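Novice: Each step along the sequence shown adds one to the number in numbering that gives the first Met the number 0, with nothing skipped, and position 56 is 55. Backbone N, C-alpha and C fix where the C-beta goes; we use that ideal spot for every residue, glycine too. All figures in this text were calculated on a predicted structure; none of them were measured in a lab. This is the structure, below, for whatever I ask next.
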Amino acid sequence: MKITLVAAMDEHRLIGNHGILPWPFLPNDHAHVERLIAGKKTIMGRKSYDTPDRIWSKAGNIVVTSQPNYQVDPGFLVMNSIEEALDYYKNEEEVMVLGGAQIYSETLPKAHVLELTLIHGQFKGDAYFPEFSTDVFDLIHRQDHPQDDKHSVAYSFLTYQRR
């Protein structure tokens, strides 16, 4: 199984601020993530599930939480650990990890691909994508997008692959 981490982050790896995105909504990024996860199973933490910016796949989704009896919408399953979620998806070709910070930290050592949106700028927040080394991951694709009338900040789509 290929594990792909999908995240948007600013220039300091910031990914969240009290459960929401720290930057204004970027429609092209949202559409990009929807394309990446289409037809694939996803894993996310409870905080990512609870965010108003939540994104999910019609193919299936797991919410990882230690909260007992946590209730989720149809199309979602609850599991108590990343290991349990990955075992449940063990026969999938690719699994998409959608965050948050703790889930990314736990899955980064197992990840094959990082699909990152780099938001150009620095914002205030409290959740960060873990550090990763370019000795381990190679940048294999970059697509830059300028600020425009629908996107108040410039951003880049980056794809890293484990060596």
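#1: On the three-pair Cβ rule with 8 Å, is the segment 135 to 154 touching the segment 37 to 45?
#2: Skipping 5 residues on each side, what residues in its chain have a beta carbon closer than 7 Å to that of N27?
#3: Could you pull the DSSP bridge partners for R1 from this structure?
#4: Which residue comes first and which comes last in the beta strand (DSSP E) that contains D86?
#5: Which class does V63 belong to by DSSP, given the choice of helix, strand or coil?
#6: For a test of the three-state rule: what should DSSP assign to A58, helix, strand or coil?
#7: With a threshold of 16 other CB atoms inside 10 Å of the CB of H11, please say whether the residue is buried or exposed.
Specialist: Result, derived from the coordinates:
#1: Counting Cβ pairs under 8 Å, fewer than three are found: no touch.
#2: Excluding sequence neighbours, N27 sits near H144, H150.
#3: Residue identity check: residue 1 is Lys in the sequence provided, not Arg. K1 pairs with E93.
#4: Unbroken run through D86 is the alpha helix (DSSP H), 81 to 87; no beta strand (DSSP E).
#5: Look at V63 here: in three-state DSSP terms it is strand.
#6: Here A58 carries a coil assignment [DSSP, helix/strand/coil].
#7: Classification for H11: exposed.
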